[in-house]
Amino acid sequence: MAANPKQKITLERRVVVPAILEDRGDALVVTGLGSATYDAFAAGDHPLNFYLWGAMGGAAMIGLGLALAQPKRRVLVITGDGEMLMGLGSLATIAAERPKNLSIIVLDNQHYGETGMQPTHTGRGVDLPGMAKAAGFASATTIYSAAQLKTWIPKLYRAPGPVFATIKVTTNPVPMALPLRDGTAIRHRFREALLGGRAFE
Ligand SMILES: Cc1ncc(C[n+]2csc(CCOP(=O)(O)OP(=O)(O)O)c2C)c(N)n1
Numbered sequence: 000m001a002a003n004p005k006q007k008i009t010l011e012r013r014v015v016v017p018a019i020l021e022d023r024g025d026a027l028v029v030t031g032l033g034s035a036t037y038d039a040f041a042a043g044d045h046p047l048n049f050y051l052w053g054a055m056g057g058a059a060m061i062g063l064g065l066a067l068a069q070p071k072r073r074v075l076v077i078t079g080d081g082e083m084l085m086g087l088g089s090l091a092t093i094a095a096e097r098p099k100n101l102s103i104i105v106l107d108n109q110h111y112g113e114t115g116m117q118p119t120h121t122g123r124g125v126d127l128p129g130m131a132k133a134a135g136f137a138s139a140t141t142i143y144s145a146a147q148l149k150t151w152i153p154k155l156y157r158a159p160g161p162v163f164a165t166i167k168v169t170t171n172p173v174p175m176a177l178p179l180r181d182g183t184a185i186r187h188r189f190r191e192a193l194l195g196g197r198a199f200e
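First residue of the sequence shown: 0, per numbering that gives the first Met the number 0; consecutive thereafter.
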């Protein structure tokens, strides 16, 4: 489904993210800075969550690196529209590399929430899944409803990638939930959970 600026937005991010992560299995999850990181933590802390607190624009490329390094694992990038807009070039690189195990999920509230709710271009019709599809992603969609989300969650884990899904979410405020903030600790925890004894070789 293509983006439709007139469509009413009703999905709540703190319902969407737990629904996506509920049956994550051994998937690796990279979260873009700001609300996406807080949402993933609020859904349940996990050592295979790679929380970003910075590197705006870099989430999808970190996901690409992981997907190429760990081809047997599904990699989910969960990020915001502002973060994705800052790293648009990554869509081309991901499309060129065609990682079958990578899914990019944009929680699109059409605003830069973290810095005070300035509107982003997605609220003015800029179609991120359209861009991903044109770049060469295997599939891309915009999700507005719980029914669509239900259909797409299995695809995020199993459809041949790269997969791109924008999920339109409201700007309703949510409780603050802040994970571990020490980048080195996050990296060590993630590597140990992924590589076990080989993590520190
Ligand atoms: C290079 C850079 N520019 C600007 C910022 C400030 N900044 C931090 S989060 C953010 C907004 C993120 O927006 P979005 O990805 O839509 O997530 P939301 O907060 O709406 O969930 C901005 C502009 C930054 N951290 N780094």
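Glycine included, each C-beta is placed from N, C-alpha and C at the ideal position. Only a predicted model underlies this, so the values are computations on that prediction, with no experimental measurement involved.
With a threshold of 7 Å on Cβ separation, who are the neighbours of residue i within its own chain once the five nearest residues in sequence on each side are excluded?
i           : result
residue 190 : 198
residue 44  : 178
residue 1   : 126, 129 and 141
residue 152 : 18 and 19
Measure the beta-carbon distance from residue i to residue j and round it to whole angstroms, keeping in mind my assumption that it falls under 8 Å.
i          : j           : result
residue 84 : residue 119 : 6 Å
residue 19 : residue 59  : Not confirmed; about 16 Å, so no contact.
residue 21 : residue 55  : The pair is not a contact, with the Cβ atoms about 28 Å apart (cut-off 8 Å).
As a quick exercise: from the options, pick the residue whose alpha carbon is nearest that of residue i.
i           : options               : result
residue 80  : 32, 173, 155 and 13   : 32
residue 11  : 69, 188 and 42        : 42
residue 68  : 77, 91 and 100        : 100
residue 137 : 15, 180 and 91        : 91
residue 122 : 146, 131, 151 and 165 : 165
What is the residue span of the alpha helix (DSSP H) that residue i lies within?
i          : result
residue 36 : 34 to 41
Kindly list the residues whose CB is nearer than 8 Å to the CB of residue i, restricted to its own chain and excluding five residues on each side of it in sequence; keep chain order.
i           : result
residue 26  : 47, 72, 73, 74, 75 and 156
residue 162 : 101, 102, 103, 136, 137, 138, 139, 154 and 155
Starting from the C-beta of residue i, find all residues in its chain whose C-beta is less than 6 Å away, skip the five residues before and the five after it, and write them out in chain order.
i           : result
residue 135 : 94
residue 113 : 33
residue 238 : Residue 238 lies beyond the range of the chain shown here (0 to 200); nothing can be said about it.
residue 132 : 139
Could you tell me the boundaries of the beta strand (DSSP E) in which residue i lies?
i           : result
residue 167 : 162 to 167
Within the 7 Å Cβ cut-off, does residue i reach chain C?
i          : result
residue 93 : In the structure shown, chain C cannot be found, because there is only a single protein chain.
### Task
Spell out a yes or no on whether the stretch 21 to 38 and the stretch 49 to 59 are touching, meaning 3 or more CB-CB pairs, one atom from each, closer than 8 Å.
yes
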